[in-house]
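Single-structure report; data block below.
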Amino acid sequence: MLKVIQLVKKKPEVSFEDFEKQLFDVYAKNAKKLPGVKSFVINLIRGGYEIEEKPVDCVAEFSFANEEAFTKAIETPEAKALLEELDRVAEKSEFIYSEEKVVKKPRAAAKPKPKKKAKKAKKRTNFSYPARLLQ
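Going by numbering that gives the first Met the number 0, the first residue of the sequence shown is number 0, and it counts up by one from there.
This is the structure we're talking about:
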């Protein structure tokens, strides 16, 4: 599996709200339709630790089977139109490849155990044998 990370820097004259709207209303709808894309995630950058200016405003993550699948997808007319549309709000857009190594997976919440049904007690009858049968 190939993870392709797209680093996007918005144009200074575009508000963050307009940038976000363009990403979700247009870009995301069309990006998830690219041929061969297995998953697509958008990470909007809201801030950072001890930085004065954000280096990027969005990190998009695409997953493809391999580099060839990505190359085929990015060369389609749909991808070219998608990137042209992104250029309306972005001053820079770069793709990088990464190999993901999961160090710690999130733990799934424990499922509650189903309650066991109470067994019905067998009915016991107060039956007494005639004395002559017990002898």
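Every residue, glycine too, gets a C-beta built ideally from N, C-alpha and C.
The model shown is predicted, which means the values in this text are computed figures rather than measured ones.
For residue i, write down the residues that DSSP places opposite it in a beta bridge.
i   : result
I50 : None, per the DSSP bridge assignment.
I95 : I4
Using alpha carbons as the reference points, say which of the options lies closest to residue i.
i   : options            : result
Y96 : R87, K28, K20, A59 : A59
K2  : K110, F94, P113    : F94
K20 : Q5, K91, K37, I41  : I41
F39 : Y48, N29, R45      : N29
Mapping DSSP to helix, strand and coil, what is residue i?
i    : result
N65  : coil
E83  : helix
K114 : coil
L33  : coil
K71  : helix
Once you ignore the five residues that flank residue i on each side, which residues in its own chain have a CB closer than 7 Å to its CB?
i   : result
E84 : V25, Y26
If I measure Cβ to Cβ from residue i and keep anything under 6 Å in the same chain, skipping five residues before and after, which residues do I get?
i   : result
I73 : none
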